[in-house]
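K.L.:
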Amino acid sequence: MADNRTPEDAVKIIVLPCSGLDKEAGSASRELALMLSERGAPIVCPVLFERSPKRYEKALGGGRLVVIDGCKTGCARTLAAERGLKIARKLTITEAAKARGVKPGKDPHLGKALKDLLPALAEELLAAEPEETLPATGVQDSFSGTVTYREFSVDKFIFRVPISGYFFNENDCWARVEGTRARVGVSDYVQQSASDMIFFEPPEIGTGVSIFDEVGSLETTKTALDIISPVSGKVVAVNGEVVEAPELINEDPYERGWAVEIELTDFEGDRELLMDSAAYFDYLKHKAEKEHKELYGGQSGVF
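Residue numbering for the sequence shown is 0 to 302, as defined by numbering that gives the first Met the number 0.
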């Protein structure tokens, strides 16, 4: 099939690949970036960008930033976050290859199996809509009630837990239930422990989930983690604000920082495996104090 896209169309994206060339996935990141460059997408060299960011100010202001990492280390994503860049789309070669039955090798040589995948990955990046525009389809207004909190401190850290209306699993993920739906997110403890959120990858709307399934993944300046659903059902909405601005999870983890909305199928059964707000407060207080004492020792106080 003929490609009708012009170079001007491709300029809508700017590519930041990783700088790792010691393994096959890193070499594939570079090769994929070159393929996109041939289609008109400017490349931001990570080494030069780190040394002289002004060099790329014009290019970065002319389109959506696509970040291509070789592996989950995410050096390119981290660099983008450190420079305050908004990531429109990201691709990790190891994960994309695994999903297609290819395992990148430890040798930097780019093998045929992985090389053959790159044209299709390039087409996906060129054709895809920016992830920031994901709508929060099906969002209900019934979650607008006031939330009140109880706090405790461990050394200099202050952790908040809603007084009521939320249910938690031991993965520190919550569900706020209203009628037949629940909003799901991560706790204040998670956002403080994980540091600044830089990327939220949501599930597709319509995805069926069981309790303790993954319902999205988060990347921070320190780590990557999965959101583990406290409830079973079907994903009916994604928080487009968090897709666009993941830092909302840090700013307001229990309200504006919700991740997905789920149509419940067996909440009565799920509830037996969850903690209510009061039980989670006690659980988290014990957990946080224990972890802090193991690392540093210290005092705590309850407010």
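Heads up, the beta-carbon is just placed ideally off N, CA and C, and yes, glycines get one too.
All figures in this text were calculated on a predicted structure; none of them were measured in a lab.
Going by beta carbon distance, what residues of the same chain come within less than 7 Å of residue 262, once the five residues before and after it are set aside?
P.N.:
Answer for residue 262: 179, 180, 232, 233, 235, listed in chain order.
K.L.:
Which of the three DSSP states, helix, strand or coil, is assigned to residue 156?
P.N.:
Residue state, collapsed to three classes: strand.
K.L.:
Using 8 Å as the Cβ pair cut-off and three pairs as the minimum, do the segment 71-85 and the segment 15-22 touch?
P.N.:
The answer is yes - the segment 15-22 touches the segment 71-85, with three or more Cβ pairs under 8 Å.
K.L.:
My output table needs one value for residue 228: the three-state DSSP class, helix, strand or coil.
P.N.:
DSSP places residue 228 in coil when its eight states are reduced to three.
K.L.:
Indicate the three-state DSSP secondary structure (helix, strand or coil) for residue 0 in the structure shown.
P.N.:
Because residue 0 carries a pLDDT of 40, less than 50, the predicted location of this residue cannot be relied on, and the following value inherits that uncertainty. In this structure, residue 0 counts as coil in the three-state DSSP scheme.
K.L.:
Are residue 101 and residue 113 closer than 8 Å when you measure CB to CB?
P.N.:
In this structure, residue 113 lies closer than 8 Å to residue 101 by Cβ.
K.L.:
Assign residue 228 to buried or exposed, taking buried as 16 or more other Cβ atoms, counted over all protein chains shown, within 10 Å of its Cβ.
P.N.:
Buried, since its Cβ has 16 or more Cβ neighbours within 10 Å.
K.L.:
Counting Cβ pairs closer than 8 Å, one from the segment 188-197 and one from the segment 213-224, do we hit at least three?
P.N.:
Judged by Cβ distances under 8 Å, the segment 188-197 makes contact with the segment 213-224, as three or more pairs qualify.
K.L.:
On the criterion of 16 or more Cβ atoms from any shown chain inside 10 Å, does residue 46 qualify as buried, or is it exposed?
P.N.:
Exposed, since its Cβ has fewer than 16 Cβ neighbours within 10 Å.
K.L.:
By how many angstroms is the C-alpha of residue 48 removed from the C-alpha of residue 54?
P.N.:
The alpha-carbon atoms of residue 54 and residue 48 are separated by roughly 7 Å.
K.L.:
In whole angstroms, what is the alpha-carbon distance linking residue 40 and residue 11?
P.N.:
Distance between the alpha carbons of residue 40 and residue 11 is about 7 Å.
K.L.:
Given that a residue counts as buried once 16 or more other Cβ atoms are within 10 Å of its Cβ, and exposed if not, what is residue 161?
P.N.:
The residue is buried, with at least 16 neighbouring Cβ atoms inside 10 Å.
K.L.:
Taking C-beta to C-beta, are residue 124 and residue 65 nearer than 8 Å?
P.N.:
A contact, by the Cβ cut-off of 8 Å.
K.L.:
Answer yes if the segment 146-164 comes into contact with the segment 276-287, meaning at least three C-beta pairs across the two stretches below 8 Å, and no otherwise.
P.N.:
Verdict: yes, contact present.
K.L.:
Only counting the same chain, and skipping five residues up and downstream in sequence, which positions put a Cβ closer than 8 Å to that of residue 71?
P.N.:
91, 93, 94, 223, listed in sequence order.
K.L.:
Tell me the start and end of each unbroken beta strand (DSSP E) in the segment 243-295 that is at least 3 residues and wholly inside, in chain order.
P.N.:
Listed in chain order, the complete beta strand (DSSP E) runs (minimum 3 residues) inside the segment 243-295 are 259-263.
K.L.:
Using DSSP with H/G/I as helix, E/B as strand and the rest coil, what is residue 217?
P.N.:
If DSSP states are grouped into helix, strand and coil, residue 217 belongs with the strands.
K.L.:
Residue 69 to residue 121, Cα distance in whole Å?
P.N.:
Their Cα atoms are separated by approximately 14 Å.
K.L.:
Please go through the same chain and pick out, in chain order, the residues whose beta-carbon is closer than 6 Å to the beta-carbon of residue 293, but skip the five residues on each side of it.
P.N.:
Contacts found: none.
K.L.:
Could you round the C-beta distance between residue 67 and residue 32 to whole angstroms and report it? I think they count as a contact, below 8 Å.
P.N.:
Indeed, because the Cβ distance is near 6 Å, the residues count as touching under 8 Å.
K.L.:
Is residue 299 helix, strand or coil when you go by DSSP?
P.N.:
The predicted position of residue 299 is uncertain, since its pLDDT is 46 and thus under 50; no value can be drawn from it.
K.L.:
Can the beta-carbon of residue 159 be found closer than 8 Å to that of residue 115?
P.N.:
Not closer than 8 Å, so no.
K.L.:
Put residue 210 into one of helix, strand or coil per three-state DSSP.
P.N.:
In the structure shown, residue 210 sits in coil (DSSP, three-state: anything other than H, G, I, E or B).
K.L.:
Using the Cα positions of residue 84 and residue 286, report the straight-line distance between them to the nearest angstrom.
P.N.:
Whole-angstrom Cα-Cα distance: 35 Å.
K.L.:
Please report the straight-line C-alpha distance between residue 19 and residue 25, rounded to a whole angstrom.
P.N.:
Those two C-alpha atoms are separated by around 5 Å.
K.L.:
With distances taken Cα to Cα, identify the nearest neighbour of residue 230 among 255, 249, 167, 257.
P.N.:
It is 167.
K.L.:
How big is the Cα-Cα spacing for residue 241 and residue 96?
P.N.:
Taking the straight line from one Cα to the other gives about 27 Å.
K.L.:
Taking DSSP as the reference, what is the three-state secondary structure of residue 105?
P.N.:
Coil at residue 105, not helix or strand.
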